[in-house]
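Q:
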Amino acid sequence: MRGKFSGLQKDVLKLYRDFVRAARNKPIESRKEMIGHVREKFAANISMDKKEYDAIAFYLRSGRRKLEMFKKDSVKHISKSSADLKYEIH
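In the numbering used here, the protein residues as written are 5 to 94.
#1: What residues in its chain sit with their C-beta under 7 Å from that of Pro31, if we drop five residues either side in the sequence?
#2: Taking the Cβ atom as the reference point for each residue, do Leu64 and Val24 lie within a distance shorter than 8 Å?
#3: Between which two residues does the beta strand (DSSP E) holding Ser83 run?
Here it is, written out as structure tokens:
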């Protein structure tokens, strides 16, 4: 049985679920790539120490800003970049 999650862990899980939900509202041809990109970004930080509160809080704030952009109807596709997520508006 899994133990209880901390507040930050709950926030991270909520952000992940919100990204997946937002991707479901995008064009079918883009969904798989978008969800894959979200998984990749979250997996890249999975080994982060739970006690790095400042870093986790920074990533949460950054993620929330990206989620708001991601949710916009004008965003139909994303492209990967080594620097960051780039949104294409079609």
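We put the CB at the ideal spot given by N, CA and C, even for glycine.
A: Considering the structure as presented:
#1: Lys80
#2: no
#3: 79 to 83
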